[in-house]
Amino acid sequence: MNSHIEYSKELNSFAYKFITLSCDNFLISQESQKRVTISKMYYALYHRILEELPILQTSKGSNKHEAIEKILEKQCNKGSFYTKLFELFRDLKSLRVWADYEALNSIPNELNLNLLQRKLYSNINAEKLIY
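Heads up, the working numbering is the position in the sequence shown plus 761, with the first residue counted as 1.
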């Protein structure tokens, strides 16, 4: 991989295409398909943001996720674009926790993958995410 942006775009493309395939192709349930898609969507945004934060690229551990969330929250006062980016990151992070760790909990009722995918696409392709 040459960059976090390149990886981000590959993850986003995978998530978009994976959710449109028949679950029968993989012998998985629709819920499992959504879980995999959500996880990849989160990491697509995570790596897109990480591209603009070189200091975090070299740090180790899961604290990068929380650090990104704090950075995004601090820039909410710069305008609605940044507020929406923070909300998308927070929502995808929460959904990724459900997708990866809460196997016995059913899918959240309010989940709208199409809307999340549109928001994700526009942010991944934005010129700059960190103010």
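For every residue, glycine included, the Cβ atom is placed at its ideal position computed from N, Cα and C.
- Taking a C-beta distance under 8 angstroms as the contact criterion, A776 and I885 do not qualify as a contact pair.
- Collapsing the DSSP output to three states places T819 in coil.
- In chain order, E792 and K795 place their CB closer than 7 angstroms to the CB of I868, counting only its own chain and leaving out the 5 sequence neighbours on each side.
- By the neighbour-count criterion, in which 16 or more other beta carbons inside 10 Å mark a residue as buried, F847 falls on the buried side.
- In this structure, the straight-line span from the alpha carbon of V797 to that of L856 is close to 11 angstroms.
- Excluding sequence positions up to five before and after I766, its CB lies within less than 7 angstroms of the CB of R809 and E812, all in the same chain and listed in chain order.
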